[in-house]
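Numbering (the working numbering), first residue to last: 6 to 196.
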C-alpha cells in the first residue's frame, strides 16, 4: 500500500499510481536503452553492423512501451510501497545524477581522456538506481544498478587493456542498452 503524506489513498488510487509508475518506468528505461544502443552502435567498426543495431533498437524499444500500455495487461501483482516525499527524493537523485554526468564529461574531456566517458556515465547511471530501488519500491533496480556498474568496470578494464575508444563505447553502450531493456521489459510485464 502506498504510504500517504496527507490522507490514505484507496486501493483503486494505489492501483492507478502503481500502473502509472510501471508505464512511466518502462518508457524511461526503454528510451535511455535506445540512446545507449545508438551510442554503442557508433563505436562499431562496421557501418553495416551499426545500422543493424540502430534499426533493431527501435522496435525493441517500441515493443517494451507497447507491453507497458497494452490493454488487458494483468495488474501489477502488488501495490508499490512508496516512502514519504518519494517524488521529491526522486527529483533530487535525478538532479545529482545529471550533475555527475556533466562533471564526468567535463573532467574526461578536460583531461584528454574521452574514452572514460561511457564507462563513467554507466557507473553514474548504475549507482543512481540504488536509491531509486527504494524510492520506487522496485527492488529489481538493484540488479539494474549492478549490471550497469559491471558494464562500467568492464569498460574501464578495456581502457586499461588498450582497447580503442570506439571499442569501449561499443561494449559499454550495448551492454548498458541490454541492461536497461531487460529492466524495461521486467517492469512492463512483472511490475
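All C-beta atoms in this analysis are idealised placements derived from N, C-alpha and C, irrespective of residue type, glycine included.
C-beta contact flag for residue i and residue j at 7 angstroms
| i | j | result |
| --- | --- | --- |
| residue 191 | residue 143 | no |
| residue 73 | residue 182 | no |
| residue 156 | residue 127 | yes |
| residue 123 | residue 161 | no |
| residue 173 | residue 164 | yes |
| residue 43 | residue 18 | no |
| residue 109 | residue 136 | no |
| residue 23 | residue 84 | yes |
| residue 95 | residue 140 | yes |
Residue nearest to residue i in terms of C-alpha spacing, selected from the options
| i | options | result |
| --- | --- | --- |
| residue 194 | 75, 19 and 16 | 75 |
| residue 120 | 50, 18, 40 and 177 | 177 |
| residue 69 | 93, 51, 91 and 30 | 30 |
| residue 36 | 57, 63 and 21 | 63 |
| residue 186 | 41, 17, 19 and 108 | 41 |
| residue 167 | 27, 96, 91 and 118 | 118 |
| residue 67 | 46, 90 and 32 | 32 |
| residue 26 | 55, 86, 51 and 49 | 86 |
| residue 130 | 48, 84, 16 and 34 | 34 |
| residue 3 | 171, 134 and 196 | Residue numbering for the chain in the displayed model covers 6 to 196; residue 3 lies beyond these limits and cannot be assessed. |
| residue 170 | 90, 113 and 20 | 113 |
| residue 132 | 179, 106, 196 and 65 | 106 |
8 angstroms contact criterion, which residue i and residue j should meet: CB distance rounded
| i | j | result |
| --- | --- | --- |
| residue 175 | residue 45 | 5 angstroms |
| residue 202 | residue 61 | The displayed coordinates of the chain run from 6 to 196. Any statement about residue 202 would go beyond what the structure contains. |
Three CB pairs or more closer than 8 angstroms across the stretch 143 to 162 and the stretch 93 to 110
no
Output the residue ranges of the beta strand (DSSP E) runs that lie fully inside the stretch 15 to 55 and measure 3 residues or longer, sorted by chain position.
none
For a minimum of 4 consecutive residues, which ranges assigned as the alpha helix (DSSP H) are wholly contained in the stretch 83 to 167?
Positions of the alpha helix (DSSP H) runs, each at least 4 residues long and wholly inside the stretch 83 to 167, are given as 91 to 115, 122 to 140 and 146 to 165 in order along the chain.
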